[in-house]
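*Asks:* Okay, handing you the structure first.
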Amino acid sequence: LTTRVLTVKTIKELDLTESSLGADEAEALAEELKVNDRIKTLTLTNNNLGDQGAEALAEALFLNRNLKDLFLNHCEIGFPGAEAIVRACAAHPRLTGVNLQQNHLKGEGQKAFHQLVLEVVKEKKQGGI
């Protein structure tokens, strides 16, 4: 399904909310995103991507430079996956919106995530990223 959807050249917004996607599907989607620069908005809300899926998507962001909005809320992502997304977003030239709400970032993980975001923003302002 994912490969067939992405091969359509006119799709600019892809909403796969509540599509029962897991890490394997996220990895397949990430592979397609590496070569498809048409999609501007990707919504994967309420799927079970986990850290593995988030890390695969983060890797794709280093090659897909045209995505503008990425919605990963309610995707079972913990600190490792969120960290990968934040670092990829910091290096992305066009990504202006990322939603990681309602994932597994509670307690110490949430504190570490906020610290990471502050560090990445500071590095970016200083020209380090």
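The numbering used here numbers the first residue of the sequence shown as 18 and each following residue consecutively. Every residue, glycine too, gets a C-beta built ideally from N, C-alpha and C.
1. How far does the alpha helix (DSSP H) with Gly114 in it extend, from its first residue to its last?
2. Hey, how far is the Cα of Leu66 from the Cα of Val52?
3. What do you reckon, are the CB atoms on Pro97 and Asp54 nearer than 9 Å?
4. Report, in whole angstroms, the separation of the C-beta atoms of Val115 and Leu74, which I expect to be a contact under 8 Å.
5. Based on the DSSP output, what are the partners of Asp32 in its beta bridges?
6. According to DSSP, which residues form a beta bridge with Asp86?
7. Applying the 10 Å Cβ sphere with the 16-neighbour rule, what's the burial state of Leu59?
8. What number of angstroms, rounded off, separates the C-alpha of Phe79 from the C-alpha of Ala108?
9. Can you tell which of Leu50, Leu61, Gly124 and Val103 has the C-alpha that lies nearest to the C-alpha of Ser36?
10. Could you check what DSSP says for Leu18 in three-state terms: helix, strand or coil?
11. Could you spell out the range, first to last residue, of the alpha helix (DSSP H) harbouring Cys106?
12. Give me the Cα-Cα distance between Val137 and Thr113, rounded to the nearest whole angstrom.
*Replies:* Reading from the atomic positions:
1. Here the question's residue 114 lines up with position 97 in the sequence shown. Looking at the DSSP string, Gly114 is not in any alpha helix (DSSP H); the run it does join, the beta strand (DSSP E), is Gly114 to Asn116.
2. Position 49 of the sequence shown, counted from the start, is the residue given in the question as residue 66. Position 35 of the sequence shown, counted from the start, is the residue given in the question as residue 52. Between Leu66 and Val52, the C-alpha separation is close to 21 Å.
3. Counted from its first residue, the sequence shown places residue 97 at position 80. Counted from its first residue, the sequence shown places residue 54 at position 37. Not in contact: Pro97 and Asp54 (Cβ atoms no closer than 9 Å).
4. Looking up residue 115 in the sequence shown gives position 98. Looking up residue 74 in the sequence shown gives position 57. Their Cβ separation, rounded to whole angstroms, is 11 Å, which puts Val115 and Leu74 out of contact at 8 Å.
5. Within the sequence shown, the letter at position 15 stands for residue 32. Paired residue(s): Thr60.
6. One-based indexing of the sequence shown puts residue 86 at position 69. Paired residue(s): Thr58 and Gly114.
7. Walking along the sequence shown from the start, residue 59 turns up at place 42. Under this definition Leu59 is a buried residue.
8. Working through the sequence shown from its first residue, we reach residue 79 at position 62. Working through the sequence shown from its first residue, we reach residue 108 at position 91. C-alpha separation (whole angstroms): 7 Å.
9. For this step, residue 36 is matched to residue 19 along the sequence shown. Looking at the Cα atoms, Leu61 is the closest of the given residues.
10. One-based indexing of the sequence shown puts residue 18 at position 1. Per-residue confidence for Leu18 stands at a pLDDT of 48, beneath the threshold of 50, marking its modelled position as unreliable; the derived number appears in the next sentence. Coil, per DSSP.
11. Here residue 106 refers to the residue found at position 89 when the sequence shown is read from its first residue. Cys106 -> alpha helix (DSSP H) spans Phe96 to Ala108.
12. Within the sequence shown, numbered from 1, the residue matching residue 137 stands at position 120. Within the sequence shown, numbered from 1, the residue matching residue 113 stands at position 96. Cα to Cα, the separation comes out at about 15 Å.
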